[in-house]
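Asks: Dumping the structure here so I can ask a few things about it.
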Amino acid sequence: MNSIHRPANLFRDAPWLVVTVLVVAIMGLRLTAGGVWLAVLGGSIYYLVAGIMLLLTSWLLSRRRAEALCVYAALLLGTMAWAIWESGFDFWSLAPRGDVLAPLGVWLLLPFIARRLAPRMQTARWALGLVLIAAVVVLGVSLARDRHDIAGTIPEIQATGAVASSAPAPPGAGENWTAYGGTGLGTRYSSLGQITKDNAKDLKLAWEYRTGDHKGPDDPDEITNQATPLKIGDILYTCSPHQIVFALDATTGRLRWKFDPQVQHNKAFQHMTCRGVSYHARKPGAITADGAPAPGDCPERIFVPTNDGRMFALDAQTGTPCASFGNHGQIDLKQDSEIQTLGFYEGTSPPVVTDKVLIVGGAVIDNYSDRVPSGVIRGFDIYSGRLIWAFDAGNLDPNEMPSAAHHFTAGSPNSWSISAVDENLGLVYVPFGSSSPDIWGGGRSQEKERYDSALVALDINSGKLRWSFQNVHHDLWDMDMPSQPSLVDLRSNGGVTPAIYIPAKTGDIFVLDRRDGHQLVPAPEKPVPQGAASGDRLSPTQPFSELSFRPPGMLTDAQMWGSTMFDQLACRVKFKRLRYEGPFTPPSEQGTLVFPGDFGMFEWGGIAVDPRRQVAIANPQSVPFVSRLVPRGKDNPATPNAAHPPGTEFGVQPMYGAPYGVDLGIFLSPLGIPCLAPPWGNIAAIDLGTHRVVWQHRIGTIRDQAPLPLPFKLGVPMLGGPIVTAGGVIFITGTMDDYIRAFDVRDGKQLWQDRLPAGGQSTPMTYEAGGKQYVVTVAGGHGSFGTKLGDYVRAYALP
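Mapping of the sequence shown onto this note's numbering: position 175 corresponds to residue 327, and the numbering continues sequentially without gaps.
Structure follows, in structure tokens:
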């Protein structure tokens, strides 16, 4: 027996036990050290206790004492009880708390470990074994039911609720897809019904086209193809990251023509993307905005904005620039702006097309300086390209036209996303971002703040303001209005109300009367955290819609996550070190947890509305960010020290003109996964009669983000929105795994999926050609989102 306690013989007689002693000791030391840190910060003391118990287990193992198994069984039992108390029976929250401890417990029971211990306590082995069996049972129970899931069914027909606009449905809602959102209403709904819940499983690839447009060595990291194609007649129109326009045969995918605007590759661009093109057809007897007969060229036009600040008008049949439009088919969108630096103003989203007016917004560089181009919204004659009106949100008189003595206001709020239009009411609905820089507002004028992060309703023909609704007051969190709003007529026993649904980054969906901006779903003002950084200020309240996917309550360190207990501990420590007092916690030098984060719970993909079933389909996501104000110093000078800004939205951004720069990033664990427990992405249905969520499910796996291709359905972030059809099928492609999926609109059950050759960070569309319904998606990937880049346009149909 004396040899048992001699260290020299331990190496000789039981090498695996030696390795185990060392591993358990290292684990114990890490947990003890991290546990002390977390406890000092006011977090859970579990990790400290677990670390001490592991050190005790290691010491007992080094003495070959069977009591080590008893101590370890107690640790596992305590861990299981603590995990259930913190997170309930949620598999993906329970698993990381035990995915290291449980396998180690099995290891300790193996004969070449357990039989080396004395005395040979059968009771100790049984105790550890029973605790391990109990852990498996608990995980099995938690895996059988997802507590984040909402099960429900939408009735086939309801008497009241939402219906399509009372105006005749534009042709883009069925055989054609004539605008980004299907029609200018932005509902992303198709009246086609050939593909149904019963046959969607039979969908096959019908054709594929490769654009050949790839990332170049001088392109920014954020290069992506987010296009939703259009289909008119027998031609499909789409674009690629460098705004090359392609006209494809709708039934075969064969190239009809392409147009390359020769956008230069430049790292100065913050984005390199194309969300789509716009289409206009001249009506018989059409006149220009000046009352003159419309020109004879280009009876059908395709409009495409470019990253270098131009707008092209092309003949839809040939791809030739329209000679009557601007300067031989193009206009310069940087014109009349005081600041015209390449890459500071980018056209990334398709313009709004009306009978006579082309309405154009654009993206302005984020967080570089307070001296950036104006985000002015402009109305141009759709035939000649002549500027008709302007809405310069930062100017005291937003409608003041440019002149020799007046430029558009530098840093005015911009609209980088997609607008919606109601031509019957004569209104265009423009979602605005915030003034630059986004994360500092100490120098903003009252004029610039009026329409920050607001939805603005403008008269189509004059650009005059009809009404506005501000989603965030004095926005310091990049909470732009990111999505194209959806226009829906709500029917009830009291009649018909023309409504507008506005998804916001905050997770709220604001529901207003689109005639006057009156709230149809209450969005009361509530107090929010105070204590702005020196020189800035805060709004005492913010609006909170009663229709919202914003998680209830505040985050706690119990909701922090990791693939193991060690990176979960690291996330808890990081969480406790950040400033966080709930939504709208102000930016700080300490570092602020921003949740919902800068990606937003809703992004540019918007929602889809099924008017027949009176339901909206949403795909909210939950990814926290960290925002840390960086005082001026050696690594963050007060003035530019390079000719061009970096083409990025992450890391340290200078915010010249403010007393701080800002360090922005996703709140990640040391292993590079979100610190917040999943799900990070869901798909959900909202009854528009009651404005209640009927069903909600996780969407997407970590297959393409994990080191191994594990198809774990955690629910992942996404960029791109859903579409819905009269056949009762939802299509979506924006998840971080490379799939296109179809869901049953009634209950959200998945009907079909197909593997994409690259990331599908776009919104799909559907149309009919040759008597067959097609579903098309662009799979181009997303550079800064981390999905695989590609150049694919894919069409699916039934065999």
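Cβ coordinates follow ideal geometry from the N, Cα and C atoms, glycine included.
(1) Mapping DSSP to helix, strand and coil, what is residue 599?
(2) Please give the ranges of any alpha helix (DSSP H) in the stretch 526-611, keeping only runs that are unbroken, at least 4 residues long and fully inside the region.
(3) Measuring CA to CA, which of 609, 573, 598 is closest to residue 584?
(4) If I measure Cβ to Cβ from residue 383 and keep anything under 6 Å in the same chain, skipping five residues before and after, which residues do I get?
(5) Any idea what DSSP makes of residue 457, helix, strand or coil?
(6) Can you give the beta carbon distance from residue 769 to residue 846, rounded, assuming they're within the 8 Å contact cut?
(7) What residues match up with residue 813 in a beta bridge as DSSP calls it?
(8) Does DSSP put residue 219 in a helix, in a strand, or in coil?
(9) According to the neighbour-count rule (16 or more other Cβ atoms, all chains shown, within 10 Å of its Cβ), is residue 871 buried or exposed?
(10) From 503, 507, 442, pick the residue whose C-alpha is nearest to that of residue 451; which is it?
(11) So residue 198 is in the alpha helix (DSSP H); what residue range does that whole segment cover?
(12) Quick one: Cα of residue 299 to Cα of residue 239, how far?
(13) When you compare each of 419, 463, 477 to residue 446 by their alpha carbons, which one comes out closest?
(14) How would you label residue 952, buried or exposed, when you count the other beta carbons within 10 angstroms and need 16 or more for buried?
(15) Would you decide whether residue 297 is buried or exposed? Buried here means 16 or more other CB atoms lie within 10 Å of its CB.
(16) Measuring only the C-alpha atoms, how far is residue 322 from residue 917?
(17) With three or more C-beta pairs closer than 8 Å as the rule, is the stretch 179-188 touching the stretch 241-251?
(18) Apart from the five residues just before and just after residue 925, which ones in its own chain have a Cβ nearer than 7 Å to its Cβ?
(19) Would residue 480 be called buried (16 or more neighbouring beta carbons within 10 Å of its own) or exposed?
(20) Relative to the C-alpha of residue 607, which candidate in 568, 588, 642 has its C-alpha closest?
(21) What three-state label does DSSP hand residue 238 in the structure shown?
(22) Tell me the DSSP bridge mates of residue 931?
(23) What's the gap between the Cα of residue 566 and the Cα of residue 386?
(24) Could you tell me the distance, in whole angstroms, from the CA atom of residue 266 to the CA atom of residue 233?
(25) Does the pairing of the stretch 407-417 with the stretch 456-471 give three or more beta-carbon distances under 8 Å?
(26) In the DSSP assignment, what residue or residues form a beta bridge with residue 462?
(27) Between the Cα of residue 879 and the Cα atoms of 763, 857, 937, 787, which residue gives the shortest distance?
(28) Go through the stretch 822-867 residue by residue and report every complete run of the beta strand (DSSP E) that reaches 3 residues or more, in order.
(29) When we look at the beta-carbon of residue 933 and count the other beta-carbons within 10 Å, is it buried (16 or more) or exposed?
(30) Applying the 10 Å Cβ sphere with the 16-neighbour rule, what's the burial state of residue 237?
(31) Report buried or exposed for residue 213, applying the criterion of at least 16 other Cβ atoms within 10 angstroms of its Cβ.
(32) Kindly provide the ranges of any beta strand (DSSP E) runs that are 3 or more residues long and lie completely inside the stretch 881-942, ordered along the chain.
(33) May I have the straight-line CA-CA distance separating residue 319 from residue 365, to the nearest angstrom?
(34) Excluding the five sequence neighbours on either side, which residues of its own chain have a C-beta within less than 7 Å of the C-beta of residue 718, listed in chain order?
(35) My guess is that residue 593 and residue 628 are in contact by the Cβ rule of under 8 Å, so how many angstroms apart are they, rounded?
(36) According to DSSP, is residue 768 part of a helix, a strand, or is it coil?
Replies: So, to answer that:
(1) helix
(2) 598-601
(3) 609
(4) 328, 329, 402, 919
(5) strand
(6) Wrong, their Cβ atoms sit about 10 Å apart, outside the cutoff.
(7) 782
(8) helix
(9) buried
(10) 507
(11) 198-214
(12) 10 Å
(13) 477
(14) No statement about residue 952 is possible, as the shown extent of the chain runs from 153 to 951 and does not include it.
(15) exposed
(16) At residue 322 the pLDDT is 41, less than 50, meaning the model places this residue with poor confidence; the figure from the coordinates comes in the next sentence. Their backbone Cα atoms lie some 15 Å apart in a straight line.
(17) no
(18) 344, 346, 347, 918, 949
(19) exposed
(20) 568
(21) helix
(22) 944
(23) 35 Å
(24) 25 Å
(25) yes
(26) 484
(27) 763
(28) 834-839, 844-850
(29) buried
(30) exposed
(31) buried
(32) 881-884, 891-896, 902-907, 917-921, 924-931
(33) Because residue 319 sits at a pLDDT of 44, beneath the cut-off of 50, its placement in the model cannot be relied upon, and the following sentence gives the value as read from the coordinates. Each residue's alpha carbon lies about 40 Å from the other.
(34) 182
(35) 6 Å
(36) strand
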